[in-house]
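Using numbering that gives the first Met the number 0, read the sequence shown as starting at 0 and increasing by one per residue.
Everything below concerns the one structure shown next.
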Amino acid sequence: MAATLSARLALARALTWLHLANAFVLLLIPLGLTVAGFGASRRRHPLTAGWWRWQGGWQVAVLVQAAAGIAMVALGLRPKDPLHYLYGALAVLILLAERGLMADQPLRVSLEADYGRFNEAKVYAWINLVAFLVAARGLTTGLFGF
Numbered sequence: 000m001a002a003t004l005s006a007r008l009a010l011a012r013a014l015t016w017l018h019l020a021n022a023f024v025l026l027l028i029p030l031g032l033t034v035a036g037f038g039a040s041r042r043r044h045p046l047t048a049g050w051w052r053w054q055g056g057w058q059v060a061v062l063v064q065a066a067a068g069i070a071m072v073a074l075g076l077r078p079k080d081p082l083h084y085l086y087g088a089l090a091v092l093i094l095l096a097e098r099g100l101m102a103d104q105p106l107r108v109s110l111e112a113d114y115g116r117f118n119e120a121k122v123y124a125w126i127n128l129v130a131f132l133v134a135a136r137g138l139t140t141g142l143f144g145f
């Protein structure tokens with residue numbers, strides 16, 4: 000019994016640290032992608048392969064964060080403020096929106112049909128700015144409860 004409790008505490012501690020460290024990744028990557036996206040939009044350059052790799056890394060980090068958060072809830076850990084769940088759900092919704100706006104995806108095709116043109120760099124820069132703000136709020140609600 001004591002061994003399972005000890006293993007459970009060790010797992011909870013590891014998940015907590017993973018969740019915290021990954022939160023800073025989710026904060027910093029979108030900030031860089033926002034700056035790079037607005038820069039590319041201003042210069043009318045397409046987004047580079049490196050930019051897309053960082054974007055993909057952010058998306059993987061969101062999935063890792065969600066899995067760690069769900070595992071923490073399953074272990075009985077709870078955030079200080081229930082709004083923390085909302086910010087986690089918003090991050091997943093942002094990820095889904097980004098996937099839907101990729102080339103030849105239905106959301107993007109319908110936007111291009113409705114508005115005629117699609118400034119990819121500017122749209123992704125705004126989405127990443129929102130992702131940065133959601134991550135900042137998620138971090139404050141998780142750490143401080145406000």
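Beta carbons: idealized from backbone N, C-alpha and C, even for Gly.
How about residue i and residue j: do their beta carbons lie closer than 8 Å?
i           : j           : result
residue 64  : residue 90  : yes
residue 119 : residue 58  : no
residue 103 : residue 144 : no
residue 33  : residue 124 : yes
residue 74  : residue 11  : yes
residue 78  : residue 140 : yes
residue 147 : residue 106 : Not covered by the structure: residue 147. The range shown for the chain is 0 to 145.
Among the options, which one has its Cα closest to the Cα of residue i?
i           : options         : result
residue 83  : 142, 21, 30, 12 : 142
residue 39  : 126, 50, 102    : 50
residue 100 : 122, 113, 115   : 122
residue 92  : 62, 11, 77      : 62
residue 87  : 112, 46, 60     : 60
residue 138 : 37, 41, 85, 31  : 85
residue 48  : 42, 56, 114     : 56
residue 52  : 43, 35, 41, 66  : 35
residue 95  : 42, 41, 126, 5  : 126
When every heavy atom of the ligand PLP is checked, does at least one fall within less than 7 Å of the C-beta of residue i?
i           : result
residue 135 : As presented, the structure is devoid of all ligands, the ligand PLP included, so that no description of it is given.
State the start and end residues of the unbroken alpha helix (DSSP H) segment that holds residue i.
i           : result
residue 105 : 105-114
residue 52  : 48-73
residue 18  : 1-42
residue 121 : 119-142
residue 85  : 82-99
- Would you check if the stretch 115-130 and the stretch 25-40 touch, i.e. whether three or more CB-CB distances between them fall below 8 Å? Yes, the stretch 25-40 touches the stretch 115-130.
- Message: Does the structure place the stretch 59-78 close enough to the stretch 10-18 that three or more beta carbon pairs sit under 8 Å?
- Response: By the Cβ test, the stretch 10-18 is in contact with the stretch 59-78, since at least three Cβ pairs between them sit closer than 8 Å.
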